[in-house]
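Enquirer:
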Amino acid sequence: MELTGAQSLIKSLEQVGVEVLFGLPGGAILPVYDPLIESSMRHILVRHEQGAGHAAEGYAHVTGRPGVAMVTSGPGATNIVTPLADAFMDSVPLVVISGQVATSAIGTDAFQEVDFTGITQGVTKHNWLVTDPDEIPRIIREAFYVATTGRPGPVVVDFPKDVANAKTEWSWSDEVDLPGYRPPAQPDMAAVKKALELIYQAERPVVYVGGGVIKANATEELTEFIEMTDFPLVTTLMARGAFPDTDPRHLGMPGMHGSYAAVTAIQKSDLLISFGARFDDRVTGKVSAFAPKAKVIHVDIDPAEIGKVRRPDVPVIADCALAIRAMVDEMKRVSASKKSVFDSRTKKAQLAWREQVTEWKTLFPFAYDGKGESNYAGPIKPQQVVEELSAASDEDTILVTGVGQHQMWASQLWSFSKPRSWVSSGGLGTMGFAVPAAMGAKVGQPAKTVWAVDGDGCFQMTAQELITCSQEQIPVKIAILNNAYLGMVRQWQQMFYEERYSEVYLSADLPDYVKWAESMGCVGFRVDDPGEVSSVIEKANSIHDKPVVVDFRTDSMEKVFPMVPAGASNDDILVHPSLRERLAKEV
Amino acid sequence: MSFTGTQEKQLREEEGTELIRPKSSHHLLAIKVENKFGVLSRVAGLFSRRGFNIVSLAVAPTEDERFSRISIVVDAESAPLEQVVSQLNKLINVVEIKQLHPDDAIEAELLLATLKVDKSSLVGIEKTVTKYKAHILEKNDSLITISCAGTPTKLDELENLLQSYEIVALHRTGQIALPKLEFLAK
C-alpha cells in the first residue's frame, strides 16, 4: 500500500510493538506528528527533550522493553544527547527518532540543522540517517534489533523531513541483514568448565553481580547459583535488586560508597566471579590494588569488556542468563554423582570465609549519628528518610534517583528484593535523571508505586517534567533530600579541599519547593522535624491521583560513608566516624 | 608503558624521533566494512574516542562493491591490540577484522615527491630513481615529480635520501597489507 514516509515510520513503530513515545514536536519532525493522531501509540508530551530521553530510559529500566523518544532536529536533537550518553553507559535499550532537515538541505547550515548522526556516534550503539523512504521499515526493524539484543544500548534514527513527506510502499520483514553484528548468546562449554574448576577450588569466593544480570533477566539463574554454592555476593549500583538485600549472603553494594563488607570481601577474596559487571573505576578504586589475590571469572556478553580493566583468568562471553544456567546445570551434573561439588576441606574454608564476611557485615553497618535514638534532636538525617521510605514501601515499589549523595544513601539503605525495582544513572552520573525517569517508570509500570529520591540540585534541573506528570496523570512521588547544597561536591571539598567551599551552596528556601510543586499540579509537603518523617510519607502514599513532592529539610553537613577516596585503594576505605575505633581494632 | 596521543607525540618530539613507521610496536589491521554512509568516520572516531593512535590509514573499495577495506597501522603502545579489535568489532558496519603481524604480511605503500632540480642534481636523482625502481612522472626545467611503491622500510630509506635535495612536496599513502601466501587459508 502507498503511504507517506511519516506514515511508514508510525506503522513500523507500531509493528515492532511500541506502545508509548516520549517526545516534543518541532519543524523537521512535523510530518511525523500528523499521522501520530490516528496511531494506537500513546505520545507523552514532555517539556524538554532531555525529559523525553530519561523518561524512555526509566520505561526501559522497569519493563525491559526499549524506551522510545521522538524529537525534532537541531536543538531538539542536541537536548537528547545526554540521555543517549546515559543509556550508552548503562546499556539501556533506547530508540531515539530525530527529525532532520530535508536531504537536499543537509550540509547547508539550514535552520535547526545539526549533524546528529555525527554528534551521536560516540554515544550510541549505532545510528542511521534515513535517505530512502522505502528503507524505513527495514531501518526501524534494525534499530530495535540492535538496541535490544546483545549488550543493549541506545540507537538514533535520523529522519529528514523530505523522507517523511515522500511517497513509499510499506512492507515488513522480520529478517535483519547485518553482516557485522553477531551478538553472542550461548557460552562456550569449555570456558564454563574452566570457570567451574576455579569455583570448585575457591576458598574465599565473592560473586560480583553487575547490571548485565538485570538486563539478561538472569536473577532466577543467579539465585540458583547462590543456592548451590552458598557464595557471598555483592550487587553493583546497576544491579541493585538482582538479589534480595535481606539474604545474609548478600553483602550489599561494592565500590566508592559501598558497604564495608562488600568492599573488603572483594579485596580479600581468592576468586571473583563477575556476572555482567564491567570493573568500573567507581567499583575497583585503584585498579592495581583491586582484589589483588583474586583469580577472576568474567562473564559478559560484550567481548570488549573482557580484559578492558582487569585481565580475567577465565572469560566467558555470553548472555548472563545462559552462562549462569550452563554453570548451574554443569554443577548439578557433577554433584549428581557425589554429595557436593566442593571437597570437604574447601567447604570448610568457605564456611570460615562466610563467617568472616558476615562478621564484617555485622560490625560495619551503614551508620549515621542519631540512628534509632529517640532523644535525637538534630536536623533530619537524609538516611532516616530513605530508611523510613523503604520500610513504608511494598516490595513492588520502584525507587528512582538522581545523582549524588542522595543516590548513594538510597542505594545503600533501601531494602531491595526484586529486579527492575531500581532506576538510577550509574556510568554517566546524570544529575536531573530522577524526575523524568520516574515518570517513564510509572508509565511502564502504572500499577506500581514509583518513588523518586532526589537531591535539591538534581530536582532543579528537570522538575518541569512534573507538569507533564500532572497533565498526563502520571502520579509519581518525589522525596527531595533538601540539604541546600550540591552535597557530593560539598563533601569532596570538605574532605579533600580543606573545607574550601566553592560554588556548592544552593538554598533550602529558594525555590519554595512546596509552592513550585503546587504550581505544577502536584501535592507539596515540607518536613523539618525528624519525628514527622513517617507520617508525611504515609500521607504521600495515600495520594494516588496526583504527583507528590515532599521537601525533606535534611542535615546540610551529612556525608556519605563508607568512602574510598578517588584513586585510592579499596583497602583504604573510610568508614563512618562512629565506627573508626572498631575498624582500627579489626585491622 | 602506554601514552595518550599527545603525550606520545611530545615524547617523540623530545627524543627527536623522525619517523613513525610500523616496527615491532605497530600492528596492521585489515578491516572489512560495509560500504555505508559515514563508516570511515565511525572507525576513525572510535580510535580517537578510545585513545588509540593511528599511524596510517588507507581505505578503498574491495572486489565486492558492498564492502570496503580499511588498512590501519595502529600504534601498539597506545592500547592493547585485543582491546582495539574488540572495540572495532562492536561497530555494526565492521564485518571482519584481520590482524596482520608485520612478519606475516606483504606490506606496500606509495610515495610521491616533487623535488627542485637543476643540471647538477638531476644525475643524482635519476640514479636514485633507478636504484629504488621509482618512476619519473613529470619533469620540467626546475621541478621533477617521482613516484615509488614499496615496503615502508624501503620508502623510509628513499625519503631519507631525498632529504639531500630540495623537496617541494612529499606525500605517502600510508601502507596497505595482505597476508603472505603461506598464511592464506588453504
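Keeping their order, the protein sequence lines are chains A and B. This note's numbering numbers the first residue of the first sequence as 12 and each following residue consecutively. This note's numbering numbers the first residue of the second sequence as 35 and each following residue consecutively. Glycine residues also receive a C-beta, built at the ideal position from the N, C-alpha and C atoms.
Give the single residue among A:Ala175, A:Gln123 and A:Lys306 whose Cα lies nearest to the Cα of A:Val325.
Expert: Taking only the C-alpha atoms, the option nearest A:Val325 is A:Lys306.
Enquirer: Listed in chain order, which residues of the stretch 179-193 of chain A have Cβ atoms closer than 8 Å to some Cβ of chain B?
Expert: Answer set for the stretch 179-193 of chain A: Leu189, Pro190, Gly191 and Tyr192.
Enquirer: For the stretch 59-78 of chain B, list every residue whose C-beta sits within 8 Å of some C-beta in chain A, in sequence order.
Expert: Answer in chain order: Val67, Glu68, Phe71, Gly72, Ser75 and Arg76.
Enquirer: Given that B:Val129 touches chain A, what residues does it touch there, using C-beta distances under 8 Å?
Expert: Under the 8 Å cutoff, chain A gives Pro190 and Gly191.
Enquirer: A:His309 touches chain B at which residues, Cβ-Cβ below 8 Å?
Expert: By Cβ distance, chain B contributes nothing, its closest Cβ being about 13 Å from A:His309, past 8 Å.
Enquirer: Name the residue from A:Trp183, A:Lys350, A:Met568 and A:Ile584 whose alpha carbon lies nearest to the alpha carbon of A:Ser23.
Expert: For the residues A:Trp183, A:Lys350, A:Met568 and A:Ile584, the minimum Cα distance to A:Ser23 belongs to A:Trp183.
Enquirer: Distance check for B:Leu189 and B:Ser105, CA to CA, integer angstroms please.
Expert: If I take the Cα positions, the gap works out to 18 Å.
Enquirer: Quick one: does the C-beta of A:Ala273 sit closer than 6 Å to a heavy atom of the ligand MN?
Expert: Only the bare structure without any ligand can be found here, which leaves the ligand MN out of the picture.
Enquirer: Under the rule that 16 or more other beta-carbon atoms within 10 Å means buried, what is A:Glu592, buried or exposed?
Expert: So A:Glu592 ends up on the exposed side.
Enquirer: Short check: CB of B:Val107 to CB of B:Leu156, under 7 Å?
Expert: No, the Cβ-Cβ distance between B:Val107 and B:Leu156 is not below 7 Å.
Enquirer: How long is the line joining the alpha carbons of A:Asn5 and A:Pro36, rounded to whole angstroms?
Expert: Nothing about residue 5 of chain A can be read from this structure; chain A reaches only from 12 to 598.
Enquirer: Going along the chain, which residues of the stretch 304-331 of chain A sit with their C-beta nearer than 9 Å to a C-beta in chain B?
Expert: Answer set for the stretch 304-331 of chain A: Asp313, Pro314, Ala315, Glu316, Ile317, Gly318 and Lys319.
Enquirer: Report yes or no: do the stretch 388-407 of chain A and the stretch 560-568 of chain A share at least 3 C-beta pairs separated by less than 8 Å?
Expert: Output reads yes: the stretch 560-568 of chain A touches the stretch 388-407 of chain A.
Enquirer: Taking only beta carbons into account, state which residues of the stretch 114-128 of chain B come closer than 8 Å to chain C, listed in chain order.
Expert: Although the question refers to chain C, the structure presented lacks it and instead comprises the protein chains A and B.
Enquirer: Give the straight-line distance between the Cα atoms of B:Lys57 and B:Ala110, rounded to the nearest whole angstrom.
Expert: Note that B:Lys57 scores a pLDDT of 48, beneath 50, so its modelled location is shaky and nothing firm can be said.
Enquirer: Name the chain B residues that come within less than 9 Å of A:Val345, Cβ to Cβ?
Expert: Here the premise fails: no neighbours, minimum Cβ distance about 32 Å.
Enquirer: With distances taken Cα to Cα, identify the nearest neighbour of A:Asp188 among A:Ser553, A:Ile150, A:Leu282 and A:Val82.
Expert: Nearest of A:Ser553, A:Ile150, A:Leu282 and A:Val82 to A:Asp188, Cα basis: A:Ile150.
Enquirer: For B:Arg84 and chain A, any beta-carbon pair shorter than 7 Å?
Expert: Judged by the 7 Å Cβ criterion, B:Arg84 is not in contact with chain A.
Enquirer: Could you list which residues in chain B have their beta carbon closer than 7 Å to that of A:Val157, in chain order?
Expert: Going along chain B in sequence order, the residues near A:Val157 (Cβ under 7 Å) are Ile126.
Enquirer: Tell me whether B:Thr164 is buried or exposed, calling it buried when 16 or more other Cβ atoms sit within 10 Å of its Cβ.
Expert: With fewer than 16 other Cβ atoms within 10 Å, it is exposed.
Enquirer: Taking CB distances under 7 Å as the criterion, tell me whether A:Gly133 reaches chain B.
Expert: So, interface residue.
Enquirer: Around the C-beta of B:Glu97, are 16 or more other C-beta atoms found within 10 angstroms, so that it is buried, or is it exposed?
Expert: Exposed is the call here.
Enquirer: What residues of chain B sit near A:Leu439, judged by a beta carbon separation below 7 Å?
Expert: By Cβ distance, chain B contributes nothing, its closest Cβ being about 15 Å from A:Leu439, past 7 Å.
Enquirer: Under three-state DSSP, which class holds B:Ile159?
Expert: B:Ile159 falls in the helix class under three-state DSSP.
Enquirer: Taking 7 Å as the threshold (C-beta atoms), are A:Val106 and A:Ala63 in contact?
Expert: No. Outside cutoff.
Enquirer: Between which two residues does the alpha helix (DSSP H) holding A:Asp467 run?
Expert: Unbroken alpha helix (DSSP H) run through A:Asp467: Asp467 to Thr473.
Enquirer: If we cut at 7 Å on Cβ distances, does A:Val27 have a partner in chain B?
Expert: Taking Cβ atoms only, chain B never reaches closer than 7 Å to A:Val27, which makes this a no.
Enquirer: First and last residue of the beta strand (DSSP E) that includes A:Phe563?
Expert: Counting along the chain, the beta strand (DSSP E) containing A:Phe563 begins and ends at Val559 to Arg564.
Enquirer: A:Ala421 lies in the alpha helix (DSSP H); which residues open and close that run?
Expert: Per DSSP, A:Ala421 belongs to the alpha helix (DSSP H) from Gln416 to Leu424.
Enquirer: What does B:Gly184 pair with, by DSSP beta-bridge criteria?
Expert: B:Glu143.
Enquirer: Ignoring anything shorter than 4 residues, give me the alpha helix (DSSP H) runs that lie fully in the stretch 104-170 of chain A, in order along the chain.
Expert: The qualifying runs are 127-130 and 147-159.
Enquirer: Decide if A:Gly451 is buried, meaning its Cβ has at least 16 other Cβ atoms within 10 Å, or exposed.
Expert: A:Gly451 should be labelled buried.
Enquirer: So, under 8 Å CB-CB, A:Gly443 and A:Met472 are touching, yes? Tell me the CB distance rounded to an integer number of Å.
Expert: Going by Cβ atoms, the distance from A:Gly443 to A:Met472 rounds to 3 Å, so yes, they are a contact pair.
Enquirer: With 7 Å as the threshold, decide whether the Cβ of A:His587 is near any Cβ in chain B.
Expert: With 7 Å as the cut-off, A:His587 does not count as an interface residue toward chain B.
Enquirer: Contact defined as beta carbons within less than 8 Å: I believe A:Val217 pairs with A:Leu248. What is the distance between those atoms, to the nearest angstrom?
Expert: About 17 Å separates the two Cβ atoms, so there is no contact after all.
Enquirer: Using the Cα positions of A:Ala121 and A:Glu180, report the straight-line distance between them to the nearest angstrom.
Expert: Distance between the alpha carbons of A:Ala121 and A:Glu180 is about 29 Å.
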